[in-house]
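Asks: Provided herewith is a single structure, encoded as structure tokens, for subsequent inquiry.
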């Protein structure tokens, strides 16, 4: 397992994509740090960019990586190694590469110009979102036999969680505006890893006051120990479920 | 050495292998033939564990291929087209394969030397030509002295010198009593390298016997017309199997 991971990592970390992605993230972070000195503004801008792009890039990259390595995965399956180890080594290599890019690309500017708790949350949320969407991408890849279809499914999931879902939530809130909706919205937030990451970030900033009564309720919930525990638990579930399902499908897949 | 029992596999609605039975024994060299889509590759991939059968079983040695993966240590496999991670160097690929079989210390470097791969060990796999990649695949298949060799279109894409080197190597291994399984559409290669012919048609074994027997049954003195005749028979009627038995 670790031997396989070692070589998978070696290949992926030397790829052009890993370098370009890290440099891109670093440039984004540096340019935002140059614009403002206020750390909370920096983290808000970084968050807006991150929450949109990191899931997208993770999903597309993980899918193409799986399909580009398909023949190699086949070759590995003909060797005396367990199927599940072949799969996990590929998956972990992708997650580790995406996480390292974020930690380096965002982390180095933070070390230079300072960071607060919201910026550290940002790093954690970035890593979590990368693994969630890499999981979705691997699931889409093992379920289909066609690269274009797999990328299509990954993109559809990204559009759903990043754009469509928010529209649905807004629609529900407007339709049921006469009822107390704090708990319902909280539950809806848990069902979307992107929103969950965003709210966790926002709660670190002072702007939750702008969000009215729901904001106050969220603030109270996410600052309590049990609230953070539940949110973390939900994120862990989001990380594990797609990856677990992908592993199960992979074990029965024909090559 | 390899026994296939009642193997069935469906891809969607397509029955690729239908109650398939075959025996492969050490010391023989098998030519696996059949039209495109007849189930050759599916059979090979099932033996290697890449395709999971719907029913039936395969044993390698005395070990069932389901569950334990250690049987694959006895198999050297050369894929039809070898794709490798672009950023890994030839030397690293070899050490990775060695890492997966830590208990084997004695390597067969004959092909590595013959193809001059040692001098290229610092080249990344992504920069290699298709033929050089095939050379790497071939060298990897023979590297661990496997008792079973499965070669999927081994000579496709190689230059004439490399083809001759590879053929000499295959003949040498065959003389040492190994089990060799070759698929190819180049009949002259098969005639040179194998002593038994297996013809698969629509997921069933249509013919499985020695090449001499094949020539006798078809009444042809040469290998390729004999195979052509076999193909004609498969196209005429599906009940030819019984007629063959009468012969």
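Chains as they are written, first to last, in our numbering: chain F, 3 to 257; chain S, 48 to 294. Note that the Cβ used here is the ideal one computed from N, Cα and C, for glycine as well.
Would you list the residues sitting across from residue 275(S) in a DSSP beta bridge?
Replies: Residue numbering aside, residue 275(S) sits at position 228 when the second chain is read from its first letter. Answer is none; residue 275(S) lacks a bridge partner.
Asks: What is the rounded straight-line gap between the Cα of residue 19(F) and the Cα of residue 96(F)?
Replies: Position 17 of the first chain, counting from 1, holds the residue named residue 19(F). Position 94 of the first chain, counting from 1, holds the residue named residue 96(F). Each residue's alpha carbon lies about 11 Å from the other.
Asks: What are the residues in the stretch 133 to 150 of chain F lying within 7 Å of chain S by C-beta distance?
Replies: none
Asks: Put residue 256(S) into one of helix, strand or coil per three-state DSSP.
Replies: The count along the second chain starts at 1 and reaches residue 256(S) at position 209. Correct three-state label for residue 256(S): strand.
Asks: For residue 287(S), which residues from the same chain have a beta carbon less than 6 Å from its beta carbon, with the 5 sequence-adjacent residues on both sides left out?
Replies: In the second chain, residue 287(S) corresponds to position 240, counting from 1. Because residue 287(S) sits at a pLDDT of 48, beneath the cut-off of 50, its placement in the model cannot be relied upon, and the following sentence gives the value as read from the coordinates. Apart from sequence neighbours up to five positions away, the residues of its chain that approach residue 287(S) with a beta-carbon distance below 6 Å are 280, ordered along the chain.
Asks: Is there a Cβ from chain F that is less than 9 Å from the Cβ of residue 139(S)?
Replies: As a first step, residue 139(S) must be located in the second chain, where it is residue number 92. For residue 139(S), the answer is yes, since a Cβ of chain F falls inside 9 Å of its Cβ.
Asks: With residue 67(S) and residue 178(S) assumed to form a contact (beta carbons below 8 Å), what rounded beta-carbon distance in angstroms separates them?
Replies: Locating residue 67(S) in the second chain gives position 20, where the first residue counts as 1. Locating residue 178(S) in the second chain gives position 131, where the first residue counts as 1. Not a contact, Cβ separation roughly 34 Å.
Asks: Buried or exposed for residue 255(F), going by 16 or more other Cβ atoms inside 10 Å?
Replies: Against the first chain, residue 255(F) aligns to sequence position 253. Per the 10 Å Cβ criterion, buried.
Asks: How long is the line joining the alpha carbons of residue 107(S) and residue 63(S), rounded to whole angstroms?
Replies: For the purposes of this step, residue 107(S) is taken as the residue at position 60 of the second chain. For the purposes of this step, residue 63(S) is taken as the residue at position 16 of the second chain. Looking at the two C-alpha atoms, the distance is approximately 22 Å.
Asks: Under 9 Å between the Cβ atoms of residue 147(S) and residue 6(F)?
Replies: Translated into the one-based positions of the second chain, residue 147(S) becomes position 100. Translated into the one-based positions of the first chain, residue 6(F) becomes position 4. Yes, Cβ-Cβ distance for residue 147(S) and residue 6(F) is below 9 Å.
Asks: Assign residue 246(S) to one of three DSSP states: helix, strand, or coil.
Replies: Locating residue 246(S) in the second chain gives position 199, where the first residue counts as 1. Residue state, collapsed to three classes: strand.
Asks: Using a cut-off of 8 Å between C-beta atoms, extract the partners of residue 13(F) located in chain S.
Replies: Position 11 of the first chain holds residue 13(F). Within chain S, the residues near residue 13(F) are 132, 133, 134 and 135.
Asks: Is any beta-carbon of chain F found at less than 9 Å from that of residue 294(S)?
Replies: As a first step, residue 294(S) must be located in the second chain, where it is residue number 247. The predicted position of residue 294(S) is uncertain, since its pLDDT is 46 and thus under 50; no value can be drawn from it.
Asks: Scan the stretch 142 to 175 of chain S for residues whose Cβ lies nearer than 8 Å to a Cβ of chain F and list them as they occur along the chain.
Replies: 143, 144, 146, 147 and 148
Asks: Kindly list the residues whose CB is nearer than 8 Å to the CB of residue 251(F), restricted to its own chain and excluding five residues on each side of it in sequence; keep chain order.
Replies: Taking the first chain and counting its residues from 1, the one referred to as residue 251(F) is at position 249. Result list for residue 251(F): 141, 144 and 145, in chain order.
Asks: Entirely within the stretch 76 to 154 of chain S and at least 3 residues each: give me those beta strand (DSSP E) ranges in chain order.
Replies: 76 to 80, 102 to 107 and 122 to 125
Asks: State buried or exposed for residue 133(F), treating a residue as buried only when at least 16 other CB atoms are found within 10 Å of its CB.
Replies: Position 131 of the first chain holds residue 133(F). The residue in question, residue 133(F), is buried, as its Cβ has 16 or more Cβ neighbours within 10 Å.
Asks: At a Cβ cut of 8 Å, what residues of the stretch 77 to 90 of chain F count as close to chain S, listed as they run along the chain?
Replies: Residues passing the 8 Å Cβ filter: 77, 79, 80, 81, 82, 83, 84 and 85.
Asks: With distance defined between alpha-carbon atoms, name the residue in 114(S), 171(S), 149(S) and 155(S) nearest to residue 138(S).
Replies: By one-based count along the second chain, residue 138(S) stands at place 91. Closest by alpha carbon: 171(S).
Asks: Can you have a look at residue 162(F) and say buried or exposed, based on whether 16 or more other CB atoms are within 10 angstroms of its CB?
Replies: As a working mapping, residue 162(F) is identified with position 160 in the first chain. Around the beta carbon of residue 162(F), fewer than 16 other beta carbons sit within 10 angstroms, so the residue counts as exposed.
Asks: Whole angstroms are fine: how far does the CA of residue 244(S) sit from the CA of residue 113(S)?
Replies: Working through the second chain from its first residue, we reach residue 113(S) at position 66. Working through the second chain from its first residue, we reach residue 244(S) at position 197. Each residue's alpha carbon lies about 27 Å from the other.
Asks: Between residue 9(F) and chain S, is any beta-carbon pair separated by less than 9 Å?
Replies: Walking along the first chain from the start, residue 9(F) turns up at place 7. Answer yes: the Cβ-Cβ gap between residue 9(F) and chain S drops below 9 Å somewhere.
Asks: At a cut of 8 Å, does the stretch 91 to 110 of chain F reach the stretch 63 to 73 of chain F through at least three beta carbon pairs?
Replies: yes
Asks: Does the structure place the stretch 123 to 131 of chain S close enough to the stretch 189 to 206 of chain S that three or more beta carbon pairs sit under 8 Å?
Replies: yes
Asks: Could you tell me whether the Cβ of residue 266(S) comes closer than 9 Å to any Cβ of chain F?
Replies: Your numbering for residue 266(S) matches position 219 in the second chain. Not closer than 9 Å to any Cβ of chain F, the Cβ of residue 266(S) fails to qualify, so no.
Asks: Going along the stretch 59 to 86 of chain S in order, which residues come within less than 8 Å of chain F, judged by CB to CB distance?
Replies: none
Asks: In whole angstroms, give me the CA-to-CA distance for residue 271(S) and residue 258(S).
Replies: Translated into the one-based positions of the second chain, residue 271(S) becomes position 224. Translated into the one-based positions of the second chain, residue 258(S) becomes position 211. Near 11 Å, if we compare the C-alpha coordinates of residue 258(S) and residue 271(S).
Asks: Cβ closer than 7 Å: which chain S residues qualify as neighbours of residue 71(F)?
Replies: Indexing the first chain from 1 puts residue 71(F) at position 69. Residues of chain S passing the Cβ test: 132.
Asks: As a quick exercise: from 35(F), 186(F) and 27(F), pick the residue whose alpha carbon is nearest that of residue 59(F).
Replies: The residue you call residue 59(F) lines up with position 57 of the first chain. Closest by alpha carbon: 27(F).
Asks: Below 9 Å between beta carbons: does that hold for residue 23(F) and residue 103(F)?
Replies: Here residue 23(F) is taken as the residue at index 21 of the first chain, counted from 1. Here residue 103(F) is taken as the residue at index 101 of the first chain, counted from 1. A contact, by the Cβ cut-off of 9 Å.
Asks: Below 9 Å between beta carbons: does that hold for residue 186(F) and residue 174(F)?
Replies: If you number the first chain from 1, residue 186(F) lands on position 184. If you number the first chain from 1, residue 174(F) lands on position 172. In contact: residue 186(F) and residue 174(F) (Cβ atoms closer than 9 Å).
Asks: In this structure, how does DSSP classify residue 84(F) when only helix, strand and coil are distinguished?
Replies: Start at 1 with the first residue of the first chain, and residue 84(F) comes out as number 82. In this structure, residue 84(F) counts as coil in the three-state DSSP scheme.
Asks: Are the C-beta of residue 95(S) and some C-beta of chain F separated by less than 9 Å?
Replies: As a first step, residue 95(S) is located in the second chain; it is residue number 48 there, counting from the start. Residue 95(S) counts as touching chain F.
Asks: Considering only residues of the same chain and omitting the five flanking positions on each side of residue 215(F), which have a CB-CB separation below 8 Å?
Replies: By 1-based counting over the first chain, the position of residue 215(F) is 213. Result list for residue 215(F): 184, in chain order.
Asks: Leaving out the 5 sequence neighbours to the left and right, which residues in its chain are closer than 6 Å to residue 110(F) when beta-carbon positions are compared?
Replies: Working through the first chain from its first residue, we reach residue 110(F) at position 108. Correct list: empty, nothing qualifies.
Asks: Taking all protein chains shown into account, decide if residue 197(F) is buried (16 or more other Cβ within 10 angstroms of its Cβ) or exposed.
Replies: For the purposes of this step, residue 197(F) is taken as the residue at position 195 of the first chain. Classification for residue 197(F): buried.
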